[in-house]
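Engineer: Before anything else, here's the structure in question.
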Amino acid sequence: MGGCSSQSCHRCFFEYETERMIVVKSKVVGSVFRLIQFLILFYVIGYVCVVQKSYQETDSVISSVTTKVKGTGFTNTSDLGGRVWDVADYNIPPQGESSFFVLTNMIVTPNQTQSTCPEVSSMFSNRITLLKKGIQTGLCMNYSETVKTCEVLSWCPLEIDINLPEHALLVAAEDFTVLIKNSVTYPKFNFHKRNILPDVNSSYLKQCEFNRKTDPDCPIFRLKDMVSEAEEDFQTMATRGGVLGIMIDWNCDLDWPEHYCGPKYSFRRLDNKIPENNVAPGYNFRFAKYYKTTDGRETRTLIKAYGIRFDVIVFGTAGKFNMVPTIVNVGAALTFLSLVSSVKWSHLQNTHYL
Amino acid sequence: MGGCSSQSCHRCFFEYETERMIVVKSKVVGSVFRLIQFLILFYVIGYVCVVQKSYQETDSVISSVTTKVKGTGFTNTSDLGGRVWDVADYNIPPQGESSFFVLTNMIVTPNQTQSTCPEVSSMFSNRITLLKKGIQTGLCMNYSETVKTCEVLSWCPLEIDINLPEHALLVAAEDFTVLIKNSVTYPKFNFHKRNILPDVNSSYLKQCEFNRKTDPDCPIFRLKDMVSEAEEDFQTMATRGGVLGIMIDWNCDLDWPEHYCGPKYSFRRLDNKIPENNVAPGYNFRFAKYYKTTDGRETRTLIKAYGIRFDVIVFGTAGKFNMVPTIVNVGAALTFLSLVSSVKWSHLQNTHYL
Amino acid sequence: MGGCSSQSCHRCFFEYETERMIVVKSKVVGSVFRLIQFLILFYVIGYVCVVQKSYQETDSVISSVTTKVKGTGFTNTSDLGGRVWDVADYNIPPQGESSFFVLTNMIVTPNQTQSTCPEVSSMFSNRITLLKKGIQTGLCMNYSETVKTCEVLSWCPLEIDINLPEHALLVAAEDFTVLIKNSVTYPKFNFHKRNILPDVNSSYLKQCEFNRKTDPDCPIFRLKDMVSEAEEDFQTMATRGGVLGIMIDWNCDLDWPEHYCGPKYSFRRLDNKIPENNVAPGYNFRFAKYYKTTDGRETRTLIKAYGIRFDVIVFGTAGKFNMVPTIVNVGAALTFLSLVSSVKWSHLQNTHYL
Chain A
1333 MGGCSSQSCH
1343 RCFFEYETER
1353 MIVVKSKVVG
1363 SVFRLIQFLI
1373 LFYVIGYVCV
1383 VQKSYQETDS
1393 VISSVTTKVK
1403 GTGFTNTSDL
1413 GGRVWDVADY
1423 NIPPQGESSF
1433 FVLTNMIVTP
1443 NQTQSTCPEV
1453 SSMFSNRITL
1463 LKKGIQTGLC
1473 MNYSETVKTC
1483 EVLSWCPLEI
1493 DINLPEHALL
1503 VAAEDFTVLI
1513 KNSVTYPKFN
1523 FHKRNILPDV
1533 NSSYLKQCEF
1543 NRKTDPDCPI
1553 FRLKDMVSEA
1563 EEDFQTMATR
1573 GGVLGIMIDW
1583 NCDLDWPEHY
1593 CGPKYSFRRL
1603 DNKIPENNVA
1613 PGYNFRFAKY
1623 YKTTDGRETR
1633 TLIKAYGIRF
1643 DVIVFGTAGK
1653 FNMVPTIVNV
1663 GAALTFLSLV
1673 SSVKWSHLQN
1683 THYL
Chain B
1333 MGGCSSQSCH
1343 RCFFEYETER
1353 MIVVKSKVVG
1363 SVFRLIQFLI
1373 LFYVIGYVCV
1383 VQKSYQETDS
1393 VISSVTTKVK
1403 GTGFTNTSDL
1413 GGRVWDVADY
1423 NIPPQGESSF
1433 FVLTNMIVTP
1443 NQTQSTCPEV
1453 SSMFSNRITL
1463 LKKGIQTGLC
1473 MNYSETVKTC
1483 EVLSWCPLEI
1493 DINLPEHALL
1503 VAAEDFTVLI
1513 KNSVTYPKFN
1523 FHKRNILPDV
1533 NSSYLKQCEF
1543 NRKTDPDCPI
1553 FRLKDMVSEA
1563 EEDFQTMATR
1573 GGVLGIMIDW
1583 NCDLDWPEHY
1593 CGPKYSFRRL
1603 DNKIPENNVA
1613 PGYNFRFAKY
1623 YKTTDGRETR
1633 TLIKAYGIRF
1643 DVIVFGTAGK
1653 FNMVPTIVNV
1663 GAALTFLSLV
1673 SSVKWSHLQN
1683 THYL
Chain C
1333 MGGCSSQSCH
1343 RCFFEYETER
1353 MIVVKSKVVG
1363 SVFRLIQFLI
1373 LFYVIGYVCV
1383 VQKSYQETDS
1393 VISSVTTKVK
1403 GTGFTNTSDL
1413 GGRVWDVADY
1423 NIPPQGESSF
1433 FVLTNMIVTP
1443 NQTQSTCPEV
1453 SSMFSNRITL
1463 LKKGIQTGLC
1473 MNYSETVKTC
1483 EVLSWCPLEI
1493 DINLPEHALL
1503 VAAEDFTVLI
1513 KNSVTYPKFN
1523 FHKRNILPDV
1533 NSSYLKQCEF
1543 NRKTDPDCPI
1553 FRLKDMVSEA
1563 EEDFQTMATR
1573 GGVLGIMIDW
1583 NCDLDWPEHY
1593 CGPKYSFRRL
1603 DNKIPENNVA
1613 PGYNFRFAKY
1623 YKTTDGRETR
1633 TLIKAYGIRF
1643 DVIVFGTAGK
1653 FNMVPTIVNV
1663 GAALTFLSLV
1673 SSVKWSHLQN
1683 THYL
């Protein structure tokens, strides 16, 4: 545009070049041409706008999660006797973060003190390797009548963690419930929302329980239901431990206020349960409770805790109309539209029709 | 382009098709045409480049946070007597993660042991529902002179959590301070930065306190100030507990090194404080300290802890010039520019001016 | 397009306008024209497709991490005597989250009780400022023969945290190992993967150790190796504490299933080690173990814990072919291609060649 010579710049500014047009009257060429135009328009309207919503600017969710587990269980073991477990006992860490652990099985080693004792031989399981759980003193002694091992300085007696109970001790854990409070923000759009929806009232929340069909908005989940939705067996998972992901999907289209923009829950096991290549299968960790005897010596109860860790994972993208992606997408489509008219057909018609 | 016949491909490679141009000299058409061109250029330069910075490639922040609370408080209760609280007492978890909790109010149930006791009736609050906190043994007995409840096996005596102190016990918590260290990375651009800016010296940091106007770069925050910025009352929030978000916005334009690329702090309450539909309002959790008596029996002090959980939430996007989005955006604008010249005007001129 | 008059709309639908083409035979113009076409094509194919992969739709990773530390250490201090440390002692929090702490140095203050004692003067370090660690009672008394300080109500005796051991107590920590299990999801593409790759077998995992050259897929890391890769000295870092980032990069191109889509590990120190402007350098926190004496009084052991916090930070973007970005990018390139042919050259040729 604008073939301006320098001596007449003002006049030239209002000059405008155009092209001579020749109208071709051909049903065949016209039909194909209109079809392609239609396909491009269909792509723009159908795919870009409706399916992909490419006219929108997007933002990623930022989120805060609070959890609260409820329920009481009872175990009867030789180590601990009959014992009631409440939330302060089995919920670790206690402060209700987005990742919480429910203890369901354990190996308890009470009354450990800093002293020396014979190393535990893993002959129990017919392997010879020693379990390195202390510092060798250099002495060796009889571990049992038949086995001789070396003495170690450690928390004694040593933990024998080979005989894990075959069934989860805290069977009742499957009926525990957890209340999940989730607050999300899309900072770019200054949008805030909570998973406890405003139209849900307090009395409903006092007694409801999440069910995908009947109660999809209730934020109280029975542990067994979540494990079942992930297509796992609760008692199997409770015995050796595992990690369960509670995924909350907050994908939202903010252009339509009447549109549902709320949490969509799904559940998936996150640790590897496949038997091959599973070093340390399941999920467990060791922690200790420390005591002092009357003479001031420190003693501890070591607990190897097996259980299910629940990770609340919040993700999502919100989209809202924005000029830039709209212009970009419509521009790209128009380029194709104009190329269809100019590039290909001009050649076709030059050769055959003119 | 390139209507080549196969027999003369080399010559055809240098052939080039062009169009006959006709220069239209009309002040009206020219003016409108230039105006539209100007609007498109204005959109490209003003909106796409300056406002939206669409010529940039973007990356999301990854972050690591360390927190350290300071302060000492004093409480005087019938259960515990006069007692000083330091950071090891009220800060849970202690290890200074991005989410930390300051205990401000509590219900303490000391000297619990595994035994049997009458179930607590919630007649206290004129409701009849029993608080299920143990396993029923089948026996029933007198809870008080007027109320008869059933015996449970549990941690006894049971917690009576109905009478929460009306005012937060740890009043001094509002003057506690927290040092937040935040280190961010934009991996795509290999950009690293900390919220303690390089031009801030050590002596300033020893005594400063964040203030939006006078000390916006100080990473030490008084708890009360943060709650006030979120438009909440500290003592009200401290009584029943709550969750406060400390948002750190790291949006950066990395094309301009002299531009400020630093943390922008804001504060927002994340839990639901609206009275309706608030199941378990506020924020609290239960934890226990375990002891052993001289005869080896386990006993515990159960604490229902109310307080403020502070969630440090880091978010942001960095942008830097990149060819692809630039080409895409300029291309889209040029499409419109060229369409303005070719599509609409050609028709107008075909009909009226030629 | 479509100069249709309203009376014959059906016929006009099949009309198609085209332009008269003039083939210019000039080696110079043709060469330059082809060169520019080639450069644009080169940009599209080389840069957009191969380097930037702009034909792809992208998604951000969501991830779950489990960690398990192994190792036993021994310390010999005047406070605690000879003592063996196992994972339950030094790993805080114990439950194997994405952020875990290994205690390597400490200041222990045993047998603290709620009582009154003289405030600690920081004359130890030749500064006069008092360490505010309690509530002043109003009385003043002799702290030592030469120094007189005021009495405070606090956990007494007060912690004297000025004399940190110059060498990390838990020297053996450098040989501890950590198993990191990381499970990632790209929800948009329904893609799941773990950092323990399927072709790795269990016996290999039992004895392997990460090494960038020889064992890049082993998910077991020696603590010292990680610190060395971050170009830090383990014992220096262990003495005053620090934060080490274990970055796992999951950038994946999902269009090529045979392509490697796996974790890429890197390590970087996240806290500020530069001596200037380092308020509270290193990383430490205080926690306490609570005991009860035979007469029911509470006593505690306060531990100021120094050590290395390891933050496992997972990030990454997956890309997969998608129509919209492809159309947008090809469209933008075609715009430039068509502008090259129409705008500039038409003017050039109008003036000089026709």
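Protein chains in written order, with the working numbering: chain A, 1333 to 1686; chain B, 1333 to 1686; chain C, 1333 to 1686. Each residue gets a CB set at the ideal place from its N, CA and C atoms; glycine is no exception.
1. Here's the rule I'm using: 16 or more other beta-carbon atoms within 10 Å means buried, otherwise exposed. How should C:LEU1529 be labelled?
2. Output needed for C:ALA1620: all residues of its chain with C-beta closer than 6 Å, excluding positions within five of it in sequence on either side, in chain order.
3. Please list the segments of the beta strand (DSSP E) lying wholly inside the segment 1493 to 1580 of chain C, counting only runs of 3 or more residues, in order along the chain.
4. So, do the segment 1484 to 1497 of chain A and the segment 1437 to 1449 of chain A have three or more beta carbon pairs nearer to each other than 8 Å?
5. So what does C:ALA1637 bridge to, in DSSP terms?
6. Which residues in chain A sit within 8 Å of B:TRP1588, going by Cβ to Cβ distance?
7. Would you report the Cα separation of A:GLU1389 and B:THR1509, rounded to the nearest angstrom?
8. Taking the beta carbon of B:VAL1662 as the centre, do at least 16 other beta carbons fall within 10 Å, making it buried, or is it exposed?
9. At a threshold of 8 Å, does A:SER1447 count as lining the ligand NAD (C-beta to nearest heavy atom)?
10. Identify every residue that forms a DSSP beta bridge with C:SER1598.
11. By the three-class DSSP mapping on this structure, what secondary structure does C:THR1625 have?
12. Kindly indicate the opening and closing residues of the alpha helix (DSSP H) around B:LEU1586.
13. Which chain B residues sit within Cβ distance under 8 Å of C:ASP1643?
14. From the beta carbon of B:ASP1547, is the nearest beta carbon of chain C less than 9 Å away?
15. Look at B:SER1431 and B:ASP1603 and say whether their C-beta atoms are less than 9 Å apart.
16. Whole beta strand (DSSP E) runs in the segment 1390 to 1444 of chain C with 3 or more residues, listed along the chain?
17. Do you know offhand how far C:MET1455's Cα is from C:THR1436's?
18. Give every residue of the same chain whose Cβ lies closer than 6 Å to the Cβ of B:ILE1424, excluding the five residues on either side of it in the sequence, and list them in chain order.
19. Is there a Cβ of chain A sitting closer than 9 Å to that of C:ILE1528, yes or no?
20. Go ahead and pull the three-state DSSP assignment for A:CYS1381.
21. For the putative contact between C:TYR1518 and C:VAL1393, defined by C-beta atoms under 8 Å, what is the C-beta separation to the nearest angstrom?
22. Beta carbons nearer than 7 Å to chain C: which residues of the segment 1625 to 1654 of chain B have them?
23. Which residues in chain B have a C-beta closer than 7 Å to the C-beta of A:ALA1420? List them in chain order.
24. Since A:PRO1425 meets chain B, which of its residues come closer than 7 Å, beta carbon to beta carbon?
25. Given that B:PRO1519 touches chain C, what residues does it touch there, using C-beta distances under 8 Å?
26. For A:ASN1654 and C:ASN1533, what's the separation of their Cα atoms in angstroms?
27. The alpha helix (DSSP H) that contains A:LEU1367, what's its start and end?
28. Under DSSP, the beta strand (DSSP E) around C:SER1486 begins and ends at which residues?
29. Give me, in chain order, the residues of the same chain whose beta-carbon lies closer than 8 Å to that of B:MET1353; leave out the 5 immediate sequence neighbours on both sides.
30. Who are the Cβ neighbours of B:SER1386 in its own chain at under 7 Å, not counting the five residues just before and after it?
31. With a 10 Å radius around its C-beta and 16 neighbouring C-beta atoms as the bar for buried, classify A:VAL1361 as buried or exposed.
32. In terms of alpha-carbon separation, which member of B:LYS1636, B:PHE1647, B:PHE1668, B:VAL1646 lies closest to B:TYR1422?
33. Grab the span of the beta strand (DSSP E) containing A:THR1651 for me, first residue to last.
34. May I ask you to report which of helix, strand or coil DSSP gives B:SER1386?
35. Out of C:HIS1499, C:TYR1592, C:VAL1503, point me to the one whose CA is closest to C:PHE1406's CA.
36. From the DSSP secondary-structure annotation, give me the bridge partner or partners of A:VAL1646.
Structural biologist: Inspection of the coordinates gives the following:
1. exposed
2. ARG1632, LEU1634
3. 1509 to 1518, 1523 to 1526, 1552 to 1554
4. yes
5. C:MET1438, C:PHE1617
6. By Cβ distance, chain A contributes nothing, its closest Cβ being about 20 Å from B:TRP1588, past 8 Å.
7. 39 Å
8. buried
9. The model depicted lacks the ligand NAD and carries no ligand whatsoever.
10. C:MET1579
11. coil
12. Unbroken run through B:LEU1586: none, as it is neither H nor E.
13. SER1396
14. no
15. no
16. 1394 to 1402, 1405 to 1409, 1413 to 1417
17. Because the pLDDT of C:MET1455 is 49, which lies under 50, any placement of that residue in the model is unreliable, and the number read from its coordinates should be weighed accordingly. Spanning the two alpha carbons is a distance of roughly 27 Å.
18. PHE1433
19. yes
20. helix
21. 6 Å
22. THR1626
23. ARG1618, PHE1619, ALA1620, LEU1634
24. PRO1425
25. MET1579, ASP1581, PHE1647
26. 50 Å
27. 1359 to 1374
28. 1480 to 1488
29. The predicted model places B:MET1353 with a pLDDT of 49, which falls under 50 and marks its position as unreliable, so this point remains unresolved.
30. VAL1380, PRO1657, ASN1661
31. buried
32. B:LYS1636
33. Contrary to the premise, residue 1651 of chain A reads as Gly rather than Thr in this sequence. Its beta strand (DSSP E) spans residues 1649 to 1653.
34. coil
35. C:VAL1503
36. A:ILE1580
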